[in-house]
Every structure is written in structure tokens, then in C-alpha cells.
Amino acid sequence: MFGLVSSVLAEKGRHVYTVGKAATVAEAVREMNEKGVGALLVMDGHKPAGIFTERDVLRRIVDADRDPALIRVAEVMTRQLVTIGPESRIDEAMGIMTERRFRHLPVLDAGEVVGMVSSGDLMRWVTMNQEDSIRQMTEYINGRA
Ligand code: AMP
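Residues 3 to 147 in our numbering are what the sequence shown spells out, letter by letter.
In C-alpha cells:
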């Protein structure tokens with residue numbers, strides 16, 4: 003039932019929304035809203051430097067009374083990135099998110115960013131595949147498989 007992270011990427015695509023570390027929080031928020039995502043990978047040139055999510059906007063900007071037009075993403079991003087490989091299992095990825103209490107995992111293959119999965123992407127994949135397994139079992143029981 004639990005496939006590999008690469009199966010989720012094959013279905014959702016490998017595009018990762020990014021922001022340069024010199025961008026302001028206001029620019030990053032605009033990008034998140036335009037793209038309909040809750041997290042951006044923060045880039046230092048071609049290298050990932052951290053991650054910035056909607057949770058950071060709430061905790062480190064709104065709740066801290068800071069002006070999003072004046073603060074740069076680099077000042078409020080999370081630097082210690084936790085990543086996963088494409089060949090890792092989906093339940094492993096879910097376990098990391100639950101334990102670390104975050105909802106996004108950049109996917110790295112030999113040091114290269116090859117995608118990003120969110121807890122929503124993983125839940126969707128598991129639910130879709132559960133439905134598939136139930137349908138296959140029902141067909142088997144009814145002698146139609
Ligand atoms: P989230 O639930 O993904 O919005 O993130 C909650 C907190 O964890 C925020 O401070 C994020 O910057 C941080 N965070 C999210 N994903 C990761 C990750 N893969 N590695 C490290 N920190 C992360």
C-alpha cells in the first residue's frame with residue numbers, strides 16, 4: 003500500500019517553487035499565494051539554503067510584529083533542512099513529518115533537488131491507492147478480477 007516517494011513525484015510532478023534568499027517576506031508570501039503552495043525552498047544561487055513556510059509567516063513575522071516588506075526571507079527561514087530521497091518509502095516520509103512536526107520535505111537525489119512533497123500530497127496518494135486496493139479486492143471477491 004505504501005509506495006515510494008518517487009511514485010508521488012511521478013504523479014504530482016517534480017517542480018519545486020523557490021525564492022531567492024534576498025527576497026523579502028512580502029515577496030515570498032505573494033509567490034506562495036500565487037502558486038497556491040504553503041512552502042518555498044529558499045535558494046542561495048543554485049544551492050538550497052533553507053525552507054520558508056506559511057507557519058514561519060505566522061510565528062516569526064505576524065506574532066513577532068515584524069514588517070514583511072522589510073524582512074528578508076534569509077532572516078526568518080529554517081536553515082537546518084530535513085530532506086528525503088526519491089527511493090524512500092512514503093510511510094517513512096510521513097513518519098518524519100509527524101515526528102518533526104512539519105508538512106514539507108524537499109526530495110534530493112545525489113545532492114540535486116528533484117521535487118518537494120507535502121503531507122497533503124502523501125495523504126492524497128495513500129487515499130487514492132487505498133481506494134484502488136479496495137476496488138481490486140472487491141473485484142477479486144466478486145470473481146471479476
Ligand atoms: P510546515 O508545517 O511545513 O509549515 O513547517 C513548520 C516549521 O518547520 C516551519 O518553521 C518550517 O520552516 C519548518 N520546516 C518545514 N519543512 C521543513 C523541512 N523539510 N526541514 C526543516 N524544517 C522544515
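Backbone N, C-alpha and C define an ideal beta-carbon position, used for all residues, glycine too.
- Ligand 1 has no heavy atom closer than 7 Å to the beta-carbon of Pro70.
- Judged by DSSP secondary structure, Met99 falls within the alpha helix (DSSP H) whose first and last residues are 92-102.
- Gly117 is not a Cβ neighbour of Leu43, given a cutoff of 8 Å.
- Distance from Leu124 to Met96 at the Cβ level is roughly 5 Å; contact confirmed, criterion being Cβ atoms closer than 8 Å.
- Between ligand 1 and the CB of Glu77, the shortest heavy atom gap is not smaller than 7 Å.
- Val7 sits away from Ile136, with the two beta carbons spaced by 8 Å or more.
- Counting only runs of 4 or more residues that sit fully inside the region 54-134, the alpha helix (DSSP H) segments are 75-78, 92-102, in chain order.
- Gly15 sits away from Met45, with the two beta carbons spaced by 8 Å or more.
- Ala30 is positioned such that its CB atom lies no closer than 8 Å to that of Val84.
- In the DSSP annotation of this structure, the continuous segment of the alpha helix (DSSP H) that includes Leu11 starts and ends at 7-14.
- Per DSSP, the continuous beta strand (DSSP E) segment holding Val21 begins and ends at 20-22.
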